[in-house]
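Reading through the structure tokens given below for one structure.
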Amino acid sequence: MTNSRTDRRRERHVATPGLADATALSSRPRVVVVGAGIAGLAAATGLAERGVDVEVVEKELYLGGRVGGWTEQEDGADLPMNRGFHAFFRQYYNLRALLSRVDPQLRMLTPVTDYPLIDGAGRRDTFRGLPRTPPWNALVFALRSPTFRLSDLARIDAKASAPLAAVSVPEIYHQLDHIDAETFLKSINFPESARHLAFEVFSRSFFAEPTQLSAGELATMFHIYFLGSSEGLIFDVANANFDVGLWNPLREYLSERGVRFRSGTPVQRVESVSSAEGKFAVHTEDGALSADAVVLALDVGGLQQVVAASPELGNDLWRAQIRRLRTAPSFVVHRLWLDRPVRPDRAPFLGTAGHPPLDNISVLERYEAEAAAWARQTGGSVVELHSYAMDSATPSDAAIEQLHKLYPETAAANVIQERVLRRSDCPLFTPGTYTRRPTVATPQSGLVLAGDGIRVDLPVALMERAATTGWVAANQLLSRWGVSGHDLFTVPTRGRSVLLRSLALRQIRSQIRGQIRGQIRERA
1 MTNSRTDRRR
11 ERHVATPGLA
21 DATALSSRPR
31 VVVVGAGIAG
41 LAAATGLAER
51 GVDVEVVEKE
61 LYLGGRVGGW
71 TEQEDGADLP
81 MNRGFHAFFR
91 QYYNLRALLS
101 RVDPQLRMLT
111 PVTDYPLIDG
121 AGRRDTFRGL
131 PRTPPWNALV
141 FALRSPTFRL
151 SDLARIDAKA
161 SAPLAAVSVP
171 EIYHQLDHID
181 AETFLKSINF
191 PESARHLAFE
201 VFSRSFFAEP
211 TQLSAGELAT
221 MFHIYFLGSS
231 EGLIFDVANA
241 NFDVGLWNPL
251 REYLSERGVR
261 FRSGTPVQRV
271 ESVSSAEGKF
281 AVHTEDGALS
291 ADAVVLALDV
301 GGLQQVVAAS
311 PELGNDLWRA
321 QIRRLRTAPS
331 FVVHRLWLDR
341 PVRPDRAPFL
351 GTAGHPPLDN
361 ISVLERYEAE
371 AAAWARQTGG
381 SVVELHSYAM
391 DSATPSDAAI
401 EQLHKLYPET
411 AAANVIQERV
421 LRRSDCPLFT
431 PGTYTRRPTV
441 ATPQSGLVLA
451 GDGIRVDLPV
461 ALMERAATTG
471 WVAANQLLSR
481 WGVSGHDLFT
491 VPTRGRSVLL
501 RSLALRQIRS
511 QIRGQIRGQI
521 RERA
């Protein structure tokens with residue numbers, strides 16, 4: 001089992017009670033889930049387990065969306081592929097609940113005991129051996145970091161930084177969403193070197209530069225991973241390619257519960273057949289699927305395309321919200337099969353700052369079964385490079401040059417196989433957009449949204465936001481039919497320290513008084 005302990009202060013969000021199963025209704029509801037990423041699979045699971053008739057439609061030939069896996073052929077050899085490294089943190093309660101459907105012990109995941117961070121000057125941070133209890137985890141991390149001196153701690157503006165230390169969700173968005181992450185960190189005198197090494201890693205996990213990320217999102221992440229949870233910063237990784245380890249078993253689980261899958265089938269539009277009865281027709285190249293309800297669990301571009309082609313859906317305000325969604329800059333995954341191994345002391349995962357365009361390095365044979373088998377057979381290594389927020393003018397081999405600087409032994413290696421994936425389909429959370437994001441609920445009865453770009457007023461992010469919105473979408477439809485939903489769990493929705501919350505509240509009141517005084521002066 002990957003996690004022998006759970007934070008006793010995690011929060012339970014109790015679902016609306018109701019009938020135990022939809023089969024008790026006079027007619028069994030039928031739902032079409034559009035998109036088989038994490039959000040769509042969570043929604044399908046939540047519905048199917050309550051007896052709803054579910055059909056999942058997915059444009060790709062594999063499940064999992066941006067966490068999907070597949071196999072490519074090259075010179076008669078199988079090359080397992082995916083879109084790169086993903087960290088399954090212990091705080092991802094709702095994602096882990098989804099995966100536990102196929103194995104309650106989560107043996108498909110393996111702990112990564114450390115993931116060091118290194119900057120352009122060679123300074124290194126580590127998460128190994130940190131206390132798990134807030135605020136000591138963040139304090140010890142800062143004090144033992146080579147980029148953070150005790151004098152830096154004294155210079156931090158305690159009053160201005162109080163919101164970061166006492167996050168409350170969703171209030172933190174109303175407080176900080178109007179400014180970007182970099183401006184906020186500068187305003188509290190957070191040291192520049194530590195800002196680049198620690199916080200930039202967080203911001204770029206959203207595939208965005210700190211100047212393009214809402215300070216509200218950054219503060220929420222700080223709460224999720226540091227001061228809001230005692231699960232710690234160590235995470236788990238899938239120990240096999242994602243299709244083998246995660247989604248094929250879940251597909252089997254859902255198929256046993258009557259879920260039907262249509263892979264390689266893009267959805268063209270969704271038609272509202274009867275607004276009064278909440279009936280829909282989901283149109284594909286192969287024809288139309290009738291449904292009592294629809295879950296749109298798509299990435300930003302896919303959601304915009306379907307809504308634009310479906311003029312009957314929603315209202316003008318909601319459709320404008322969909323149109324205004326933005327996609328983050330492209331990211332590149334560069335996977336190399338090398339003819340010689342990297343040094344045995346290399347970490348499975350290394351985060352980087354100040355090594356543009358490289359953001360992290362993974363040594364796959366350290367944890368992934370298929371890469372480990374290939375390395376044993378050939379004596380080589382499978383190395384994966386990630387580059388986020390990419391400029392299209394950046395040379396494709398620039399990340400490899402940084403790999404050679406950081407892991408010099410790779411410079412002499414021959415590349416036996418190589419795959420480069422460039423994608424631009426992740427949501428962008430720029431300042432001032434939180435209140436304008438679409439939520440799971442829509443203006444149209446029977447139509448719900450899910451995905452990591454969809455707003456949900458809970459302390460979740462990335463894969464966990466995708467899973468959580470999927471469960472919420474299922475719960476909203478189940479409640480509509482009077483069927484009981486599924487309880488959800490998150491880290492606490494507000495800071496754990498009463499003292500820090502008090503300081504933050506005083507800062508908020510001070511800001512409000514300042515804003516009122518400014519408005520009075522303007523009117524005078």
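Just so we're aligned, residue 1 is where the sequence shown starts under the UniProt record's numbering, counting upward by one.
Idealized CB from N, CA, C, for every residue including glycine.
Predicted model only: the values in this text are computed from it and were never measured.
Rounded to whole angstroms, K159 and F184 show a C-alpha spacing of 13 Å.
Boundaries of the beta strand (DSSP E) harbouring W337: 331-338, taken from the DSSP string.
The continuous stretches of alpha helix (DSSP H) do not include I416, which lies in the beta strand (DSSP E) extending over residues 415-423. With a cutoff of 7 Å on beta-carbon distance, D177 and G216 are scored as near each other. L449 sits away from V460, with the two beta carbons spaced by 7 Å or more.
Residue burial is scored here from C-beta neighbours: R107 has fewer than 16 other C-beta atoms within 10 angstroms and is therefore classed as exposed. Per DSSP, M81 lies in no alpha helix (DSSP H); the unbroken beta strand (DSSP E) holding it starts and ends at 77-82.
Approximately 4 Å separates the beta-carbon atoms of L233 and F127; this is inside 8 Å, confirming the contact. In the displayed model, T183 falls within a helix according to three-state DSSP. Distances from the CA of A466 to each of V237, G37, D152, R10 were compared; the closest alpha carbon is that of G37. The shortest C-alpha to C-alpha distance from W374 to any of D359, G351, P341 is the one to P341. Scanning E312, D425, A398 for the CA closest to the CA of D299 turns up D425.
Taking 4 residues as the minimum length, the alpha helix (DSSP H) runs contained wholly in the segment 304-391 are 316-324, 369-378, in order along the chain. Secondary structure at K159: helix, using DSSP grouped into helix, strand and coil. A distance below 7 Å separates the beta carbons of G18 and G482. For the options R437, T394, F85, V383, the alpha carbon positioned closest to that of V415 is the one of V383. For E217, no beta strand (DSSP E) encloses it; the enclosing alpha helix (DSSP H) starts and ends at 215-222.
Rounded to whole angstroms, the separation of the alpha carbons of A48 and P431 is 37 Å.
The Cβ neighbour count for R343, taken over all protein chains shown within 10 Å, is under 16; the residue is labelled exposed. Here the alpha carbons of V140 and Q212 stand approximately 29 Å from one another. When rounded, the separation of the alpha-carbon atoms in Q476 and A297 is 14 Å.
One thing to note: T469 has its Cβ no nearer than 7 Å to the Cβ of A166.
Judged by DSSP secondary structure, Q73 falls outside any alpha helix (DSSP H) and instead within the beta strand (DSSP E) spanning 69-74.
In terms of CA proximity to A42, V295 leads the group H334, Q444, R496, V295.
For G258 against D53, the beta-carbon gap comes to about 7 Å, under 8 Å, which counts as contact. Looking at the DSSP output, P427 shares a beta bridge with T327. The beta carbon of A412 sits closer than 8 Å to those of R340, all from its chain and outside the five residues before and after it, given in chain order. Cβ-Cβ distances below 6 Å link A15 to N475, G485, H486, D487 in the same chain, with the five nearest sequence neighbours on each side left out; the list follows chain order. Across the set E312, S255, Y253, E365, the C-alpha of E312 shows the shortest separation from the C-alpha of A281.
In the same chain as T352, and ignoring 5 residues on each side of it, the C-beta atoms closer than 8 Å to its own belong to L117, I118, D119, L358, D359, N360, I361, Q402, L406, in chain order. Contact between V363 and V420 does not hold, since their C-beta atoms are separated by about 18 Å, which reaches or exceeds 8 Å.
DSSP lists V33, V448 as the bridge partner or partners of V295. Sixteen is the threshold: since fewer than 16 other Cβ atoms of the shown chains lie within 10 Å of the Cβ of N315, the residue is exposed. Residues of the same chain with a CB within less than 6 Å of the CB of R455, apart from the 5 flanking positions on each side, are R437, T439 in chain order. Residue environment: A154 is assigned as exposed (fewer than 16 neighbouring CB atoms within 10 Å of its CB, all protein chains considered). Here DSSP, grouped into helix, strand and coil, assigns S484 to coil.
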